[in-house]
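Down below is the structure, laid out as structure tokens.
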Ligand code: ADP
Ligand code: ASP
Ligand code: MG
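Numbering (the numbering used here), first residue to last: 3 to 417.
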């Protein structure tokens, strides 16, 4: 007998038939003698619908600080519906089941509404209930702050709910069911000949997720890595009993290094800001990054071009698309302190990245990447690298072309 956490994303619970199908998958595990906690997302499209309600009512206040707590009350509700519905479907199959909302578990978080981080889960009641053979159907995405307000974990956050619960409940397995049958060498919706990987290391998955592969929320991978809990990603669409190996996300193993590049990721959620004619002296970059971090804006790729004639420089950096207005307003407000002549921005850019632990021990990877882009006449605006990834910022209109070109250049369709 094992204890299993099974997570089902939005498309897996998109309608009542899908919910019945999920109930069948849960029943299989129960009949095999396991204890099961399930984590569900809202029905697909539902969270977007709820966010749109909030946006429409809240108007165009720059950062919405005065409504962020109630934003979470509204958007968390989608998961309440699916946890109740799946519980009903399970009971109709003759199984013992109950729903658990975030506040009932409770899953405690910090106060960062709409992107809250989990601070702790202690759930002796759920533990006892699982031991009694009652399936625990948890609403993903939801949390509770220290002063008992509803919080949410950021888009895709049910993945993180699932991993955190698996750790807290000392589960033997954490299975993430979704609409694709595993982790692919790149998004299979963009590159039809992308290949499913049998295994991928935590580190590579962490990079792919944070660089835009939304199949797993970045924090869920971080949490799994820190607790050395392998995650299995698999499809809920195959039907009960079908051969469904999925992909195991786990610690690096020796044979994984044979692949130089494991995957290609892309993110359209990018905007590029350039400050023109900045003073080229120590402390200026720190002033910019301080202004951004005080406004809660994450700065990603940074590049500075120095003029040889006078002591001025241009600096380009990227922020998330939804932060661009706030970033521009913040920079304007600090213009005197930072000291620059003009600002330009472009939100029709995207970031394309290659990721692989094999890059640590192979040379020539950057060259292959840049040649593949050059052959398609794709101009590189900004470059960022780490030990196991190279990212480039390009015109958004070439995103798919670049992803396909890189996927081919590294032979990933034969992975
Ligand atoms: P869920 O609703 O189950 O949480 P998501 O939509 O969040 O599912 O994530 C699954 C989607 O992630 C897939 O449909 C696929 O388009 C996308 N995706 C992006 N990159 C990858 C990748 N490397 N491997 C598999 N899926 C990927
Ligand atoms: N329902 C939330 C979202 O759409 C959380 C999730 O699906 O993981 O982002
Ligand atoms: Mg998801």
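Think of the CB as a built atom: it goes at the ideal place given N, C-alpha and C, for glycine as much as any other residue.
In this text the structure is predicted, and so the values were computed from the model without any measurement.
C-beta contact flag for residue i and residue j at 8 Å
i: residue 281; j: residue 313; result: yes
i: residue 361; j: residue 367; result: yes
i: residue 141; j: residue 184; result: no
i: residue 262; j: residue 187; result: no
i: residue 41; j: residue 99; result: no
i: residue 1; j: residue 220; result: As shown, the chain starts at 3 and ends at 417. That puts residue 1 outside it, with no answer to give.
i: residue 431; j: residue 380; result: For the chain, the structure presents residues 3 to 417; residue 431 sits outside this window and is missing.
i: residue 260; j: residue 358; result: no
i: residue 301; j: residue 294; result: yes
i: residue 146; j: residue 108; result: yes
For residue i, the three-state DSSP class (helix, strand or coil)
i: residue 226; result: helix
i: residue 83; result: helix
i: residue 39; result: strand
i: residue 337; result: helix
i: residue 144; result: strand
i: residue 307; result: strand
i: residue 344; result: strand
i: residue 67; result: helix
i: residue 1; result: Shown here, the chain extends from 3 to 417; a query on residue 1 therefore has no answer.
i: residue 273; result: strand
i: residue 242; result: Caution applies to residue 242, whose pLDDT of 49 falls short of 50 and renders its modelled position unreliable; the value that the coordinates give is listed next. Of the three classes helix, strand and coil, the one that applies to residue 242 here is coil, per DSSP.
i: residue 423; result: No answer is possible for residue 423: the residues shown for the chain start at 3 and end at 417.
i: residue 221; result: helix
i: residue 195; result: coil
i: residue 351; result: strand
i: residue 301; result: coil
i: residue 372; result: helix
i: residue 113; result: coil
i: residue 248; result: coil
i: residue 120; result: strand
i: residue 10; result: strand
Identity of the residue in the options nearest residue i by Cα
i: residue 167; options: 209, 225, 188; result: 225
i: residue 34; options: 3, 49, 59; result: 3
i: residue 28; options: 44, 82, 139; result: 139
i: residue 157; options: 170, 236, 80; result: 80
i: residue 304; options: 273, 328, 214; result: 273
i: residue 131; options: 254, 147, 171, 51; result: 171
i: residue 161; options: 16, 323, 336, 235; result: 235
i: residue 218; options: 253, 181, 246; result: 181
i: residue 84; options: 18, 344, 410; result: 18
i: residue 76; options: 378, 20, 416, 143; result: 143
i: residue 271; options: 207, 73, 348; result: 348
i: residue 154; options: 191, 128, 70, 375; result: 70
i: residue 118; options: 323, 152, 382, 94; result: 152
i: residue 95; options: 210, 21, 108; result: 21
i: residue 129; options: 147, 106, 149; result: 106
i: residue 320; options: 93, 230, 384; result: 384
i: residue 285; options: 339, 299, 323; result: 339
i: residue 1; options: 126, 210, 412; result: Since the first and last residues shown for the chain are 3 and 417, residue 1 lies out of range.
i: residue 201; options: 146, 91, 264; result: 264
i: residue 390; options: 67, 212, 54, 10; result: 212
i: residue 230; options: 382, 125, 251, 146; result: 251
Cutoff 6 Å; reference residue i; Cβ partners in own chain excluding five residues on either side
i: residue 86; result: 101
i: residue 7; result: 39, 164, 167, 168, 173, 176
i: residue 401; result: 268, 352
i: residue 364; result: 262
i: residue 393; result: 353, 355, 386
Integer-rounded CB distance, given that residue j should sit under 8 Å from residue i
i: residue 398; j: residue 351; result: 6 Å
i: residue 254; j: residue 203; result: 4 Å
i: residue 197; j: residue 414; result: 7 Å
i: residue 15; j: residue 43; result: 7 Å
Contact set for residue i: own chain, Cβ-Cβ below 8 Å, skip 5 residues either direction
i: residue 36; result: 3, 4, 5, 6
i: residue 345; result: 275, 276, 277, 278, 330, 333, 334
i: residue 12; result: 43, 44, 45, 46, 47, 48, 49
i: residue 406; result: 192, 193
i: residue 133; result: 37
Nonlocal neighbours in the same chain, by C-beta distance under 7 Å from residue i, ignoring five residues either side
i: residue 121; result: 110, 111, 112
i: residue 114; result: none
i: residue 216; result: 158
i: residue 307; result: 315, 316
i: residue 97; result: 29, 32, 137
i: residue 342; result: 277, 278, 279, 280
Cβ-heavy atom distance, residue i to the ligand ATP, below 7 Å
i: residue 86; result: This structure does not include the ligand ATP; its bound ligands are the ligand ADP, the ligand ASP and the ligand MG.
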